[in-house]
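Asker: Let me begin by handing over the structure; questions about it come next.
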Amino acid sequence: MKIRRATKDDWPAFAEMWKEFLTENLASGADMLPTDKTMKFYQDIFNSYDSGEVRGVALMADDAGVLLWGAPAAVLAFDTRNDPFAFGWGTYVRPDHRGKSLSTELRNTAKKILLDMEFRRLVGGTAVNNEQGIATVISLGFEPTAMQWVLELKGDA
């Protein structure tokens, strides 16, 4: 399986897998919907990384998997101990290609590229019910730093 940097011409195939990623994550408790608006957001990030306007990387492993990591989509309005950091938007491997270390290969390739771009930290997360995702980020050396909580506001709150 060849892993390579994705280019603007790859967006349709990348987007197809990214929608699968978002759809699958919904089942694990994530809250981002695979709508046209969401896909436009990710296409803008993808294009900014491809053009070099923003530091980041989009990778493809043939038609088996994708990765999108890099600078946040907007300049932060505050300083953070993580600077300079990249955000792990996501890594996705199609079900029929899982269990072959492809996710690890994508991530290791991206880590090398991010180091060359002078990033020093990678910040990311996974849905709380995504046991495989949690195991993977732990195996990569991520350390938990925060938890996100959601409260459904109903009735008279």
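So in my numbering, the last spot in the sequence shown is 157, and the numbers never skip.
Where is the CB? At the ideal position from N, CA and C, for every residue including glycine.
#1: Roughly how many angstroms lie between the CA atoms of residue 89 and residue 48, to the nearest whole one?
#2: Looking at C-alpha atoms only, which residue of 26, 21, 142 and 28 is the closest neighbour of residue 42?
#3: For residue 134, which residues in the same chain have their Cβ closer than 7 angstroms to its Cβ, ignoring the five residues on either side in sequence?
#4: For residue 69 and residue 54, what's the separation of their Cα atoms in angstroms?
#5: Classify residue 57 as helix, strand or coil using the three-state DSSP reduction.
#6: Would residue 93 and residue 124 be called neighbours here (beta carbons separated by less than 7 angstroms)?
#7: Is it true that the CB of residue 91 sits closer than 7 angstroms to the CB of residue 122?
#8: So who's on the other strand from residue 122, going by DSSP bridges?
#9: Taking Cβ to Cβ, would you say residue 146 is nearer than 7 angstroms to residue 119?
Answerer: So, from the data block:
#1: 14 angstroms
#2: 21
#3: 126
#4: 11 angstroms
#5: strand
#6: no
#7: no
#8: 86
#9: no
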